[in-house]
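In what follows, a structure is listed as structure tokens, so that the remarks can point back to it.
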Amino acid sequence: MVVFEKPKALADVSMHYCPGCTHGIIHRLVAEVIDELGIEGKTIGVAPVGCSVMAYNYFNCDMVEAAHGRAPAVATGLKRADPENHIVFTYQGDGDLASIGMAETVHSATRNENITVIFVNNAIYGMTGGQMAPTSLPGQVTQTSPYGRDVNHCGFPIKVCEMLSELDGPEYLERVAVNNVKNVKKAKMAIKKAFENQINGKGFSLVEVVSSCPTNWGMTPQKALQWVEENMIPYYPLGVYKDRSADKAE
Amino acid sequence: MAKLTFKTDMCKGCGLCVDACPKKLLIIAKDKINQKGHSPAEITDESQCIGCAFCATMCPDCIITVER
Amino acid sequence: MAKKVLMKGNEAIAEAAIMAGCRHYFGYPITPQTEIAAYMAKRMPKIGGTFLQAESEVAAINMVYGVASTGKRVMTSSSSPGVALKSEGLSYMAGSDLPGLIVNVQRGGPGLGGIQPSQSDYFMATKAGGHGDFRMIVLAPSSVQEMADLTIKGFDLAEKYRMTSMILADGTMGQMMEPVELNEPEIKEYDKSWAVTGTKMQRKHNIINSLSLIPDELEKLNFERFQRYKQIEENEVMYEEFMMDDAEICIAAFGIAARISKNAIIAAREQGIKVGLIRPITLWPFPTEAFAKAADKVNSFISVELSMGQMIEDVRLATGCKKPVTLCNRAGGMIPSPEQVLEAIVNAAKGGNK
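Protein chains in written order, with our numbering: chain A, 18 to 267; chain B, 139 to 206; chain C, 40 to 393.
See the structure below:
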């Protein structure tokens, strides 16, 4: 009996990501959820600008490539074009979602736009070669913070889940990680819930996935996951930041 | 006994599966090179595999199929 | 035949869009076009459509991008500074071959400028709608009736050629009230097999995308797109000629400037000056041939514009500089008076514009 295989919603092609990059894991989790919910035929994904720009080649559902940061606005259009028949998700990195696209993020959240947002936070701009991201940690060395991120000079990292949780609008916000098997399984549960919420008409559901960038962090894939455990997760605590339906049920 | 199938030519040799295996059965085969130019992952003693699929869970390139 | 109703230009655009089957509008408040948003906010919920006030013009055009990706008719409207913000989305729509209608009710600039009428976005609309090689169909209404008619036409052309159409109006056209006749338009069906509406597990996935990392492939896409543009230049040029039969002086003007010019032409004719008007209705494609032909007949051209002189460059190109072309203009939200245009005509008649 097959207990694990590549999900059908994921295209049978080799992805362009660097060895050990966790984008691949997160893509697979999204595809597994699409398979399990049987929604591939009505799902439209929105790819960002950044490392996952070519996600449109990796999912078998219909895909749209958005301008940098604008995925939630594009998703708003896609969803509102046919709310009954479109399941819409965005897949965005930290630069896309938390820097150039912050307005679109906050406003789609506050509108409780009935979409699913997969937010990959690896604290760096990967595609352009490792510059400081809005989520780069204090002191983190990047190409554009070569002496370490100086919070007195360029401010503090943005904690997206915490920030959005102050809004009345969003339905569901959870931060997960993909640094080990246990966390990957938890991440999948969160992603599944974020899609189920959309199917049930509950509204804006964002899953922040704390992940790694071995290449631009200058580490082996194993060391990078260790760095997630030791540095990222303490700064970005995992957990549910908002779950309006659960709050109501209490 | 479980059975692992690797799409060896899609492996990037990152080794995340090696760390994930609770039985320490996986290695990066340094003496081999796949189509992509990476040394791929492989299982040393399949008879000991328990089919937990932890390796596949951590594989970013989805190259492992697990049967039990 | 439908009854004539008195409408503001902005409202005529909104109602015509609805008649053209547009059920999705996204916008952001900016003077002098906010009536379009207000009208849509009232009407759309009553007809099962979507009006959404976006957080920015940037978001609005990207919401347009989203709906356009599904093959449905969609629009946004703004005024000059807001349209500039949309240029990113316009370029992406061009790169992804998406249809859509964008309305620019122009105001004086640059910068925040003012809120009075202007035509100073001619360059932005016809030459530089955004980064990269692309064109938009640019329609310039000169009456409230045309605000409605060209909106309907704009949707049709956008779908026919899979590109954006822009209505380039100005504050006067937007705010002016005139009787309009709104007739139920015939809506043509175009192929939408490219749209993303979910695969329904019956076809390979569609991808709406403007990324192409292989230069010779991207070049090919550009060449193909410009082949389409060539067809548009051949088939879709629209202009009006007014008193051109015996004209010795030709005025070039669009939108509100053309209306003012007509008054000046009538006054000049009373003085015995043979002057006419070519009014481009499509600013892109520009009525190059009409001007080229006129250049063989008339002695000179006057470009009347609410800008520092932008369309004048296209008039000079079209006429191959065979005859002198002078500028009669106001800028920054000011409107040329018929007297000012008449003076320019009289001056030209005396040969003063050589």
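Glycine included, C-beta positions come from ideal geometry on N, C-alpha and C.
Alpha-carbon to alpha-carbon, residue j and residue i
i	j	result
Ser-116(C)	Ser-181(C)	18 Å
Pro-89(A)	Tyr-108(A)	9 Å
Glu-309(C)	Val-337(C)	19 Å
Phe-221(A)	Gly-172(A)	28 Å
Ala-83(A)	Ala-64(A)	6 Å
Val-231(A)	Gly-153(B)	Before going further, note that residue 231(A) is Pro rather than Val in the sequence given. Each residue's alpha carbon lies about 12 Å from the other.
Ala-107(C)	Ile-43(A)	28 Å
Gln-145(C)	Met-180(A)	38 Å
Lys-362(C)	Thr-203(C)	34 Å
Ala-179(C)	Phe-194(C)	14 Å
Gly-372(C)	Met-212(C)	13 Å
Thr-122(A)	Val-44(C)	42 Å
Glu-279(C)	Ser-339(C)	18 Å
Phe-76(A)	Ile-202(B)	18 Å
Ile-271(C)	Gly-210(C)	28 Å
Asp-147(B)	Leu-184(A)	47 Å
Asn-139(A)	Thr-237(A)	15 Å
Met-71(A)	Phe-330(C)	47 Å
Thr-133(A)	Phe-212(A)	6 Å
Pro-149(C)	Gly-121(C)	12 Å
Lys-168(B)	Gln-239(A)	17 Å
Minimum Cβ-Cβ distance from residue i to chain A less than 8 Å
i	result
Lys-199(C)	no
Leu-246(C)	The sequence shown places Ile at residue 246(C), not Leu. True, the Cβ-Cβ gap to chain A drops below 8 Å.
Tyr-104(C)	yes
Lys-111(C)	yes
Cys-159(B)	no
Tyr-268(C)	no
Ser-131(C)	Going by the sequence as given, residue 131(C) is Tyr instead of Ser. Yes, Tyr-131(C) lies at the interface with chain A (some Cβ there is under 8 Å from its Cβ).
Cys-152(B)	yes
Ile-166(B)	no
Gly-128(C)	yes
Met-148(B)	yes
Leu-202(B)	One point to set straight first is that residue 202(B) is Ile, not Leu, in the sequence displayed. So yes, Ile-202(B) belongs to the interface.
Leu-250(C)	yes
Ser-204(C)	no
Thr-115(C)	no
Residue i, buried or exposed, once every other Cβ within 10 Å from all chains shown has been counted against 16
i	result
Tyr-253(A)	buried
Glu-96(C)	buried
Lys-301(C)	buried
Cys-200(B)	buried
Pro-84(C)	exposed
Arg-242(C)	exposed
Lys-111(C)	buried
Asn-102(A)	exposed
Thr-182(B)	exposed
Gly-391(C)	exposed
Pro-324(C)	buried
Proximity test, Cβ basis, 8 Å: residue i and chain B
i	result
Val-63(A)	no
Cys-178(A)	no
Val-19(A)	yes
Val-193(A)	no
Inter-residue CB distance, residue i and residue j (contact presumed, cutoff 8 Å)
i	j	result
Gly-67(A)	Pro-198(B)	Contact doesn't hold; Cβ gap of about 16 Å is too wide.
His-176(B)	Pro-151(A)	Not quite, the Cβ-Cβ distance comes to about 33 Å (not below 8 Å), so this is no contact.
Ala-59(C)	Ile-191(C)	5 Å
Gly-94(A)	Tyr-104(C)	6 Å
Below-8 Å beta-carbon distance, residue i vs any chain C residue
i	result
Thr-39(A)	no
Cys-230(A)	no
Val-137(A)	no
Asn-129(A)	no
Asn-77(A)	yes
Met-206(A)	no
His-124(A)	yes
In the segment 176 to 199 of chain B, which residues sit with their C-beta less than 8 Å from some C-beta in chain A, listed in chain order? So the list reads His-176, Gly-189, Ala-191, Phe-192, Ala-194, Thr-195, Met-196, Cys-197, Pro-198 and Asp-199, given in the order they occur along the chain.
Within 9 Å of chain A by C-beta, residues of the segment 91 to 102 of chain C in sequence order: For the segment 91 to 102 of chain C, which is checked against every Cβ of chain A, the residues closer than 9 Å are Leu-91, Ala-93, Glu-94, Ser-95, Val-97, Ala-98, Ala-99, Ile-100, Asn-101 and Met-102.
Report the residues of the segment 83 to 97 of chain A with a CB closer than 9 Å to any CB of chain C, ordered along the chain. Cβ contacts with chain C come from Ala-83, Ala-84, His-85, Gly-86, Arg-87, Ala-88, Pro-89, Ala-90, Val-91, Ala-92, Thr-93, Gly-94, Leu-95, Lys-96 and Arg-97.
For this session: Can you give me, in chain order, the residues of the segment 51 to 70 of chain C that have a beta carbon less than 8 Å from any beta carbon in chain A?
Result: For chain A, the residues of the segment 51 to 70 of chain C that bring a beta carbon within less than 8 Å of one of its beta carbons are His-63 and Phe-65, in chain order.
Any C-beta of chain C within less than 7 Å: which residues of the segment 42 to 67 of chain A qualify? The residues in question are Glu-57, Gly-58, Lys-59, Thr-60 and Ile-61.
Residues within the segment 23 to 39 of chain A neighbouring chain B, beta-carbon criterion of under 7 Å | Identification of residues in the segment 23 to 39 of chain A having a C-beta nearer than 7 Å to some C-beta of chain B yields Lys-23, Leu-27, Ser-31, Met-32, Tyr-34, Pro-36, Gly-37, Cys-38 and Thr-39, given in sequence order.
For this session: Compile a chain-ordered list of the residues in the segment 103 to 120 of chain A whose CB is closer than 7 Å to at least one CB of chain C.
Result: Near chain C, meaning a CB-to-CB distance below 7 Å, the residues of the segment 103 to 120 of chain A are His-103 and Ala-120.
With 8 Å as the limit, tell me which residues of the segment 224 to 239 of chain C have their beta carbon closer than that to any beta carbon of chain A; keep them in chain order.
Of all residues in the segment 224 to 239 of chain C, the ones placed with a Cβ closer than 8 Å to any Cβ belonging to chain A are Val-235, Thr-236, Gly-237, Thr-238 and Lys-239, in chain order.
(request) Please name the residues in the segment 254 to 266 of chain A whose beta-carbon is closer than 9 Å to at least one beta-carbon of chain B, in chain order. (result) Of all residues in the segment 254 to 266 of chain A, none has a Cβ within less than 9 Å of some Cβ in chain B.
**OP:** Compile a chain-ordered list of the residues in the segment 231 to 247 of chain A whose CB is closer than 9 Å to at least one CB of chain C.
**Re:** Listed by position, the residues of the segment 231 to 247 of chain A near chain C (Cβ gap below 9 Å) amount to none.
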